[in-house]
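A short worksheet on the structure shown next.
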Amino acid sequence: MNMKKFKLFPIFILLSIISLNIRAQDISQVAAQCAAAADAVYLKDYVVNLDASTPGGAPNQARFALMLSKNTKYRFSVCPAPNSEGEPVLKLYDMNVLVGSTYIEATGKDFHMFDFNCQKSGIYHVFISFKDGKAGEAVGVLSFVKRL
Amino acid sequence: MIKKVLYFLIVIAIVASCKSGGDKSGTLDLDDSDIVQGELEVSGEVMQDIIQSVSSPVEMAALVKSLGVQFSNKYLAPTEKVDELTTSFQKAFNLGIYGADLGYLNMYSKTANVIDYISAIKNLADGIRVGQFFDFTTLKRLAQNSQNLDSLMYLSVHSFNQMDQYLRDNNRSNLSALMVIGVWVEGLYLVTQVANEAPHPDLAERIGEQKIILEKLILIVKNFAKDKQFSILLEELNRLNELYKDVEIVIIPGEPEPREENGMLVFVQNERSEVKITDEQLKEIITTTEQVRNKLINL
Numbered sequence: 426m427n428m429k430k431f432k433l434f435p436i437f438i439l440l441s442i443i444s445l446n447i448r449a450q451d452i453s454q455v456a457a458q459c460a461a462a463a464d465a466v467y468l469k470d471y472v473v474n475l476d477a478s479t480p481g482g483a484p485n486q487a488r489f490a491l492m493l494s495k496n497t498k499y500r501f502s503v504c505p506a507p508n509s510e511g512e513p514v515l516k517l518y519d520m521n522v523l524v525g526s527t528y529i530e531a532t533g534k535d536f537h538m539f540d541f542n543c544q545k546s547g548i549y550h551v552f553i554s555f556k557d558g559k560a561g562e563a564v565g566v567l568s569f570v571k572r573l
Numbered sequence: 245m246i247k248k249v250l251y252f253l254i255v256i257a258i259v260a261s262c263k264s265g266g267d268k269s270g271t272l273d274l275d276d277s278d279i280v281q282g283e284l285e286v287s288g289e290v291m292q293d294i295i296q297s298v299s300s301p302v303e304m305a306a307l308v309k310s311l312g313v314q315f316s317n318k319y320l321a322p323t324e325k326v327d328e329l330t331t332s333f334q335k336a337f338n339l340g341i342y343g344a345d346l347g348y349l350n351m352y353s354k355t356a357n358v359i360d361y362i363s364a365i366k367n368l369a370d371g372i373r374v375g376q377f378f379d380f381t382t383l384k385r386l387a388q389n390s391q392n393l394d395s396l397m398y399l400s401v402h403s404f405n406q407m408d409q410y411l412r413d414n415n416r417s418n419l420s421a422l423m424v425i426g427v428w429v430e431g432l433y434l435v436t437q438v439a440n441e442a443p444h445p446d447l448a449e450r451i452g453e454q455k456i457i458l459e460k461l462i463l464i465v466k467n468f469a470k471d472k473q474f475s476i477l478l479e480e481l482n483r484l485n486e487l488y489k490d491v492e493i494v495i496i497p498g499e500p501e502p503r504e505e506n507g508m509l510v511f512v513q514n515e516r517s518e519v520k521i522t523d524e525q526l527k528e529i530i531t532t533t534e535q536v537r538n539k540l541i542n543l
């Protein structure tokens, strides 16, 4: 029995690595698709993979710092990975002020992307979470659209 | 028993080949500056934030191009001496320099020159064992075909971001910091050179706002200043920081406003920043940036 387990162990490791590689390729493809836009230049991407939030707890979210420059139109896009359970939401904060979001709470409307006309140079933060605290995997993409 | 060991070794070999992405040219030279040591003055999280926040290698080039400035080879760092870069410090820093130059070339679709830069980047990336993230073959093919330039741009910037992320995830933040500082220095060099030849208020603004990130980069470099090359880097960045001390950034408050333009959601920021920089300060920053960049690429 132990001998059988020993033989299966390397196969298990191998399959895990193959699966990790496929996942990495998947998420890279999602990033490439999410970044594809004729009128924008890809700058950065933010890959997130979050567990479901605990019931009653604050939703899990990933945070990324970024420097944005005045007089620039940026585009923020967010795309779920093919097997993502949750719907991703990307929010942009300047300090603690929400300055952009792919989900408008007041109307309940979802957008896959938004443009941000930046007028203040500084460090901002992107937060990515999944609706209703679900688990999920997604890619956020930052692109340069134009100088304002 | 031998059979079992062999079986296990085969699996390890497969694992290793998967990790290196088929790269055979990676070197395994390690030197002191390759390993983060000692207590850090800045926490890992803060360091991660700062490194992550540095602009992408193409952003300065995108600004320059949007101003209608012509491409010039003279702004590029030469690649001939890439084989003389032997320490991890030199490799990581110049990786950032060439990364920014590649962004500039791609922005202007100068594919003929791209091959030299992707070769240099591949060489340096292998040298610090992140070459597996730089798909040299595909990039070379895209550059040679001069087609699908968007893919060339995407893949080069994406590869760069992946290298940076990998270094940070693997406790090699010193090399990641060097890479992004290289990008930052070359980006500043590009805009200052252009501003010198074709002054424009947006360039002055962009140069002035670098005060924000320079102060943070200095915090990171201080962490590693026990290393001789890092201490020289710190000295050079401090030279620039001295000039930035009198540059002011003022904020005029305002509320963000969402709009829908042609079916696209747009957030307009009404809070504004204004950079107060004199011609004299700008001139000094331009001159010093050139000196600092030329010293650091030859360090």
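Protein sequence lines correspond, in order, to chains A and B.
Just so we're aligned: 484 in our numbering is position 59 of the first sequence, and the numbers increase by one with no gaps anywhere.
Just so we're aligned: 454 in our numbering is position 210 of the second sequence, and the numbers increase by one with no gaps anywhere.
Don't be surprised by glycine CBs; every beta carbon is placed ideally from N, CA and C.
Assigned with DSSP and collapsed to three states, B:R385 falls in helix. Within its own chain, the residues whose Cβ lies closer than 7 Å to the Cβ of B:K335, once the five positions on either side in sequence are excluded, are L329, L368, G371, I372, listed in chain order. Around B:Y352, no beta-carbon contact reaches into chain A at under 8 Å, the shortest distance being about 12 Å.
Rounded to whole angstroms, A:P480 and A:G558 show a C-alpha spacing of 8 Å.
Put simply, the CB of B:R412 is far from chain A, with every gap to its CB atoms at 7 Å or more. Residues are counted here when their Cβ sits less than 7 Å from a Cβ of chain B; for the segment 543-555 of chain A these are C543, Q544, K545, S546, G547, I548, given in chain order.
B:L458 sits in a helix when the DSSP states are folded into three classes. In this structure, B:L458 and B:T532 do not form a Cβ contact; the two beta carbons are roughly 12 Å apart against a cut-off of 8 Å. It is roughly 31 Å from the alpha-carbon of A:L493 to the alpha-carbon of A:A477. Separation of B:V494 and A:D451 (C-alpha to C-alpha, rounded to the nearest whole angstrom) is 44 Å.
Shown here for A:L468: same chain residues with a beta carbon closer than 7 Å to its own, the five before and five after excluded, namely L567, S568, F569 in chain order. Contact annotation: in the segment 457-483 of chain A, residues whose CB is within less than 7 Å of a CB in chain B are A457, A460, V466, Y467, L468, K469, D470. Under the 7 Å criterion on CB atoms, A:F539 is classed as interfacial with respect to chain B.
DSSP links A:G525 through a beta bridge to A:L517. Less than 7 Å divides the Cβ of B:V374 from the Cβ of B:M407. About 6 Å separates the beta carbon of B:Y361 from that of B:T323, a gap short enough to meet the 8 Å contact definition. Secondary structure note for A:D557: it is in no beta strand (DSSP E), with a DSSP letter that is neither H nor E. For the segment 296-325 of chain B, the set of positions with a beta-carbon nearer than 8 Å to some beta-carbon of chain A reads Q296, S297, V298, S299, S300, V302, E303, A306, L307, S310, L311 in chain order. The beta-carbon of A:K495 is placed less than 7 Å from the nearest beta-carbon of chain B. Beta-bridge partners of A:V466 (DSSP): A:F569. Counting C-beta pairs closer than 8 Å gives three or more between the segment 540-548 of chain A and the segment 483-501 of chain A, which meets the contact rule.
For B:I493, the uninterrupted beta strand (DSSP E) run begins and ends at 492-496, by DSSP.
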